[in-house]
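Comments concern the structure below.
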Amino acid sequence: MQNILKIFILALIGSVLFSCGTKKNVTTRKAEENKVNVIKKNKASEPDFKTLQGRLRGSYDDGEESQSISVSIRMEKDKAIWLSAKLAGIIPLAKVLVEPNRVQFYEKINGKYFDGDFSLLSSWLNTELDFQKVQDLLIGQPIYEPTVKEYQLSSTQNGYQLASIEKSPIAKSFLIDLLTYRTKAQQLIRASENQGVTITYDDFFGKEEYFMPKGITIIANEKESTTKINIDYRSLEFNQPVSFPFEIPSGYEEITIE
Numbered sequence: 000m001q002n003i004l005k006i007f008i009l010a011l012i013g014s015v016l017f018s019c020g021t022k023k024n025v026t027t028r029k030a031e032e033n034k035v036n037v038i039k040k041n042k043a044s045e046p047d048f049k050t051l052q053g054r055l056r057g058s059y060d061d062g063e064e065s066q067s068i069s070v071s072i073r074m075e076k077d078k079a080i081w082l083s084a085k086l087a088g089i090i091p092l093a094k095v096l097v098e099p100n101r102v103q104f105y106e107k108i109n110g111k112y113f114d115g116d117f118s119l120l121s122s123w124l125n126t127e128l129d130f131q132k133v134q135d136l137l138i139g140q141p142i143y144e145p146t147v148k149e150y151q152l153s154s155t156q157n158g159y160q161l162a163s164i165e166k167s168p169i170a171k172s173f174l175i176d177l178l179t180y181r182t183k184a185q186q187l188i189r190a191s192e193n194q195g196v197t198i199t200y201d202d203f204f205g206k207e208e209y210f211m212p213k214g215i216t217i218i219a220n221e222k223e224s225t226t227k228i229n230i231d232y233r234s235l236e237f238n239q240p241v242s243f244p245f246e247i248p249s250g251y252e253e254i255t256i257e
């Protein structure tokens, strides 16, 4: 897989690792009451729109290679995510169309394309992906929906922290704002393989019901290596008609999963 397309996809789809500060324990009964309230209000803070369109800037830096790209984004909530990337805002690089049961993309420089399910993206990130997780990451929602039984609540100086209770290959945690209940950060840690990725959300757009983050920072750690990805939404419009033009050019070589 050519680096430029992989960077483009990874810059828009990721997972998490973050430090939340000193925890302050609360009583069991109060914790249970607060947990229900925090989860409910966090869910209620989800951006409420039918469609969005706009532009974003994506950058990637792994210490050896860096890249910055301009991306047009269109979304019909729960149905489709469309991305078109350009280098320096001029040179066409790639297009992506993500739907609930299908992922399609192609990159122009090397003439490669993919048309299939989420298995290729999941293998790149070493975690199971689906449409809902991709959409939740881009709109600032927990990519794993927290539940009362499976998560414990603690309060920190930075916000409410919901952390998974049961042991599993991936430990999950979410940091929720004390006042707005929006997601400030997310956490996935695969301790057995010394992997983690940090996603934090910066500021929010527009009208109250949209609650879209303006900036997303992803820091991925794997053993001794660190990769930093920034996604900065430059402009967004909501609930306007959108289309998703996508056609794989003839003569391109298909990417296969080995």
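Under numbering that gives the first Met the number 0, the residue at position 2 of the sequence shown is numbered 1, and the numbers go up by one with no gaps. Quick reminder that beta carbons are idealized off the backbone N, C-alpha and C, glycines included.
Mind reading off the beta-carbon distance from residue i to residue j? Whole number of angstroms is fine, and I expect it under 8 angstroms.
i: D135; j: G158; result: That belief does not hold up - the Cβ atoms of D135 and G158 are roughly 18 angstroms apart, past 8 angstroms.
i: R54; j: S191; result: About 39 angstroms separates the two Cβ atoms, so there is no contact after all.
i: S44; j: Y180; result: 5 angstroms
i: V102; j: D116; result: 6 angstroms
i: Q52; j: I72; result: 7 angstroms
i: L269; j: F173; result: Examination of residue 269 is not possible in this model, given that the chain is present from 0 through 257 alone.
i: G110; j: E252; result: 6 angstroms
Would you report the Cα separation of residue i and residue j, rounded to the nearest angstrom?
i: E221; j: Q194; result: 4 angstroms
i: K85; j: L137; result: 19 angstroms
i: I254; j: P244; result: 21 angstroms
i: L128; j: I228; result: 18 angstroms
i: K171; j: V35; result: 18 angstroms
i: V196; j: N41; result: 21 angstroms
i: R28; j: P248; result: Note that R28 has pLDDT 49, beneath the 50 cutoff, so the model's placement of it is unreliable and the number below is only indicative. One C-alpha to the other measures close to 60 angstroms.
i: I108; j: S65; result: 17 angstroms
i: Q151; j: P145; result: 9 angstroms
i: Q156; j: S242; result: 43 angstroms
i: Y209; j: E149; result: 28 angstroms
i: K76; j: I217; result: 23 angstroms
i: M211; j: R189; result: 28 angstroms
i: S163; j: K78; result: 29 angstroms
Please return the same chain residues whose Cβ sits closer than 6 angstroms to the Cβ of residue i, not counting the five positions on each side in sequence.
i: P99; result: F130
i: I80; result: M74 and V97
i: T226; result: D61 and A219
i: L82; result: V70, I72 and V95
i: K132; result: I142
i: D202; result: K213
To which residues of the same chain is residue i closer than 7 angstroms at the C-beta, ignoring the five residues directly before and after it?
i: I258; result: The structure shown does not extend to residue 258, since the chain is modelled only from 0 to 257, so the question has no answer here.
i: N238; result: F48, K49 and T50
i: Y147; result: A quick correction: the sequence has Val, not Tyr, at residue 147. Taken in chain order, the residues that qualify are K34, V35 and I38.
i: Q140; result: E45 and T182
Sorted by chain position, which residues of the same chain lie with C-beta nearer than 8 angstroms to residue i's C-beta, five sequence neighbours on each side aside?
i: R56; result: S67, I68, S69, V70, N229, I230, D231 and R233
i: F113; result: V102, Q103, F104, Y105, L119, E253 and I254
i: G250; result: G110
i: P240; result: T50
i: E236; result: L51, Q52 and G53
i: S224; result: D61 and G62
i: L178; result: none
i: I90; result: none
Only counting runs of 3 or more residues, tell me where the beta strand (DSSP E) segments fall wholly within the region 74-117, in order along the chain. 79-86, 90-98, 101-106 and 111-115
Evaluate contact between the region 154-169 and the region 53-73, counting only Cβ atoms and requiring at least three cross-stretch pairs below 8 angstroms. no
Quick one: complete alpha helix (DSSP H) runs, 4+ long, within the region 147-203? none
Fully enclosed by the region 34-78, which alpha helix (DSSP H) runs are 4 residues long or longer? none
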